[in-house]
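Step one of this worksheet: look at the structure below.
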Amino acid sequence: MQNTIQLRLKPLAAVIVMAMLGACDKTVNVLPSHQQQIQAQLIHTGGSATRAGICPASALDTVVPISALNPSPLVDQPDMTVEGIYAFIQKKDIRSIDELVNYFPAHYQNNFSLVEHTRATGQSNLEYPRIVLFGSDGRFLLNIGTKLDDPKYNLLDVAQLDENTGRWEFSVFDFDGDKPRLIRNDPSCAQCHGTENARPVWGTNLDWPGVFGDNIAPGPQGEALDGKHAKKMNALMHGEYNSPRFSFLQWSPQTLTRGAKRKIAKHAFGAELIMSNIAMGTATARGAFVRLQNIHPQQYKSQRAELLLAYFAKRLAAAQGESAQQLYKQLIQSPRFPTANIEQLLRDLGVDPDEAFSLATLAHLEAPQPDWSMGEGDLLDMVMLQVLNDLRQEDAQLADLLAVVPAEMGVIDCPDTVATIAQLIDFKMLHLFYLRGAARYQVNWIYYPLDAEDIYERVFDPIVKPVVKYFQ
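Residue -17 is where the sequence shown starts when you use my numbering, and the numbers rise one by one after that.
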């Protein structure tokens, strides 16, 4: 939804914005009612320039104009869903993966990782890595083989988050025959991805085994290209393909060297592996939250305060300092403090963290590691932000409380963007969950919040005392 606020972009940014607007479709996907309200409040001011970059004027300033929170695809591009791609294949009479990928929208052409060693089906190696497309928001993922003699070369594996149920679907497009076939919900996927709380499989922050850019030094390390990966990527950037399936990828114009980070094309921040975790992590957390709402809806509604108190307890118990420990003791003496911990409360509501949050492990083959990291936060932080946001929409007193607590840490490098915790919640919900597909791509081309996933310290820590007092 575009409004009439004057753009104040520098000439280059203005050119980019106009190019993006020309590519926007006029129609929009149907949004939940609350997101429709948010969409109606969006503004685009062009932001203000600082030494650190561009800053939004307010929590709901997208900086650049977008047609909708989740724009519909262009006429000659597929809707990036299982149903949308299958319909597009039939409409265009597409007979190969090579042909299909050339129709993908820009936010799939540039949001990708290359995988040298995979635990998934299909073959890969240094010369023929698999291509994992995670898009701008991680809600539809694709795994593409490039090794021509791989028996699974003509199989396109996809993972899709169902926006209504919060469940992941793992399906396969089979291009081996005369006409492509769609195999939905392949049961063999459960062994790796899980069952009731199925989710993608991907490396945790600082540890992406087998992926180009994972630091080869022992232990958790920031992303840094091995020399052999940099060499291969540079060759691909210069059109030296040994498989036609690399040709549709868009690269940032950089010469990669050993120890470097590859940057995603047309992204204000662009560190590839961090952004892959942000995309897949926000999608996974969104699915977990929707399942919380759906599986036992009345129980969930009645236990939102208890969920928040148990979450505070988990974080305070691990915190250093006398004040945190005193607050923890006060919290656990509260009449409303639940007898179960946060993990058990989530399990009782249908979301088992051991399965739902353990993206770095194979669900039924390896021990769970539910502390999967996105950088400054984890999936529990992401889910609890949504619980808090959900509760404040129905609890006017809580909403009023959040509207007066100062956001002391605010938005990194942008001290004037938000003033209160309520505004900060709006800001983070917008950038982590509401901006989708082409809209997130358009915004992040010009502006990306570097502290997007930093939730507990910026949102929850300042409200522990007043919220605990309120719930008592």
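Heads up, the beta-carbon is just placed ideally off N, CA and C, and yes, glycines get one too. Quick caveat, the model's predicted, so the values are computed rather than measured.
For residue i versus residue j, is the C-beta distance shorter than 8 Å?
i: A434; j: L361; result: no
i: T402; j: A381; result: no
i: I246; j: M356; result: no
i: T264; j: P182; result: no
i: L417; j: V441; result: no
i: I256; j: G332; result: no
i: L188; j: P202; result: yes
i: T103; j: W354; result: no
i: L108; j: V114; result: no
i: L42; j: D408; result: yes
i: A287; j: F453; result: yes
i: H89; j: Y423; result: yes
i: V425; j: I48; result: yes
i: S305; j: V450; result: no
i: L327; j: L289; result: yes
i: N371; j: Q232; result: no
i: V83; j: R240; result: no
i: Y293; j: I314; result: no
i: S153; j: N167; result: yes
i: A404; j: L384; result: yes
I think residue i touches residue j, with their Cβ atoms under 8 Å apart; what is that distance to the nearest whole Å?
i: K410; j: I445; result: In fact, because the Cβ distance is near 14 Å, the residues do not count as touching under 8 Å.
i: I76; j: I126; result: The pair is not a contact, with the Cβ atoms about 14 Å apart (cut-off 8 Å).
i: G148; j: R329; result: The Cβ separation is near 16 Å, so there is no contact.
i: M262; j: L341; result: 7 Å
i: N216; j: E205; result: The pair is not a contact, with the Cβ atoms about 17 Å apart (cut-off 8 Å).
i: H16; j: Q375; result: 6 Å
i: S225; j: Y110; result: 6 Å
i: F157; j: L130; result: Actually they do not touch by this definition, with Cβ atoms about 13 Å apart.
i: E151; j: V12; result: That pair is no contact at about 19 Å.
i: L291; j: R318; result: 6 Å
i: I20; j: L412; result: 7 Å
Measuring alpha carbon to alpha carbon, tell me which of the options ends up nearest residue i.
i: F339; options: D363, G35 and L138; result: D363
i: L164; options: V140, G148 and F94; result: V140
i: S118; options: T128, A385, S95 and N224; result: S95
i: Q312; options: L298, E325 and R121; result: L298
i: G55; options: G419, I428 and E439; result: Residue identity differs from the one stated: residue 55 is Pro in this sequence, not Gly. Closest option to P55, Cα to Cα, is G419.
i: K243; options: G195, Q232, H220 and P320; result: G195
i: G176; options: D372, L373 and A345; result: A345
i: V46; options: T100, A421, V450 and P350; result: A421
i: F463; options: D58, L143 and S30; result: A query on residue 463 cannot be resolved here, the shown segment of the chain reaching from -17 to 454 and no further.
i: T321; options: T343, K296 and Q307; result: K296
i: V365; options: V386, Y282, E348 and I428; result: Y282
i: I428; options: T44, Q19, S40 and K161; result: T44
i: T32; options: I324, P448, I394 and C174; result: I394
i: K161; options: P235, L432, K73 and D377; result: K73
i: P448; options: A349, H220, Q379 and R101; result: Q379
i: G359; options: E439, L412, G392 and P350; result: E439
i: Q173; options: S258, L412, T343 and C396; result: T343
i: D61; options: Q280, P169 and Y85; result: Y85
i: P335; options: L347, P352 and G29; result: P352
i: A22; options: M391, T128 and A50; result: A50
i: H211; options: V97, P235, D377 and I71; result: V97
i: T128; options: Y223, S284 and P235; result: Y223
i: P87; options: R101, S106, Y68 and V57; result: V57
i: S106; options: S170, G120, E81 and D132; result: D132
i: Y310; options: D443, Y68, I71 and S170; result: D443
Can you find a heavy atom of the ligand FAD that lies under 7 Å from the Cβ of residue i?
i: N197; result: Absence of the ligand FAD is noted for the structure shown, with no ligands found whatsoever.
Hey, could you find the ends of the beta strand (DSSP E) residue i is sitting in?
i: P95; result: The displayed chain sequence assigns Ser, not Pro, to residue 95. Unbroken beta strand (DSSP E) run through S95: F94 to V97.
i: D455; result: Outside the shown range of the chain, which is -17 to 454, sits residue 455, and nothing can be said about it.
i: S30; result: S30 to T32
i: R112; result: R112 to L115
i: V140; result: L137 to L143
i: N216; result: Taken as a continuous stretch (DSSP letters only), N216 belongs to no beta strand (DSSP E), being part of the alpha helix (DSSP H) at G209 to M219.
i: C396; result: Segment: none, C396 is in no beta strand (DSSP E) and carries neither H nor E.
i: F122; result: F122 to I126
i: G159; result: Run containing G159: none; DSSP gives neither H nor E here.
Residue i lies in the alpha helix (DSSP H); which residues open and close that run?
i: T264; result: E254 to I277
i: I445; result: Here I445 belongs to no alpha helix (DSSP H), and DSSP marks it neither H nor E.
i: G419; result: G419 to I428
i: L289; result: R286 to A300
i: L82; result: I79 to V83
i: M411; result: I403 to M411
i: Q173; result: A172 to H175
i: D382; result: A378 to L384
i: Y223; result: Counting along the chain, Y223 falls outside any alpha helix (DSSP H), and DSSP gives it neither H nor E.
i: Q203; result: Counting along the chain, Q203 falls outside any alpha helix (DSSP H), and DSSP gives it neither H nor E.
i: A88; result: A88 to Q91
(message) Could you tell me which whole beta strand (DSSP E) segments of length 3 or greater appear in the stretch 307 to 365?
(response) Runs of beta strand (DSSP E) with 3 or more residues, each lying fully within the stretch 307 to 365, are absent.
(request) Go through the stretch 11 to 80 residue by residue and report every complete run of the beta strand (DSSP E) that reaches 3 residues or more, in order. (result) The qualifying runs are 30 to 32 and 35 to 37.
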